[in-house]
Structures are given as structure tokens and as C-alpha cells.
Amino acid sequence: MIGYNEKKIFLLAYQDSFKNEDTTCLAKMKAAKKEIARLQAYLIRLKTQLDRKRAETQSKSQELEKLNSEMASTNI
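Residue numbers (the UniProt record's numbering): 1 to 76.
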């Protein structure tokens, strides 16, 4: 019987260790999910800024082409 009780105590302590690890892992997973959400929001902001810059660049390029065309037609 002593062997059984010793094993039981050991296994219960081992079980507590697993519970602590599980709690720690869950906390880390929660923190990682928050970080992922934060980074995704940041990525969306960067993509939006890039889209705006591209639109501005395209608009300026079209303006420049129009001005070049007007200059070419007045020089003729």
C-alpha cells in the first residue's frame, strides 16, 4: 500500500504541474492572439497608406502627362 500512496502523491503533483503549464500556455496563446490582432491592424493601416500614395502618384503622373501634352501642342 505504501507504494500506491507514494505513486498517487507523485502523480497528483505531476498533474498539478501539467495544470500550471496548461494555464501558462493558455496565457501565452491569449497574448499571442492579441499581438496578431495588433499587427494585422497595423498591416491594414500600412496597406491603406500605400494605396493612398499609389493613387496620389498615379494622379500626379496623369497631371504631368497632361502638362507635357499641352506643352508639346503649344510648341508646334
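The C-beta atom is built at its ideal place from N, Cα and C for all residues, glycine as well. Remember, predicted model here, so these are calculated numbers, not experimental data.
Check, Outcome
"Rounded straight-line distance, which links the Cα of C25 to that of R54", "42 Å"
"Rounded separation between T57 and K19 - CA only", "57 Å"
"Backbone CA spacing between G3 and A13 [nearest angstrom]", "15 Å"
"Three-state secondary structure assigned by DSSP to N75", "coil"
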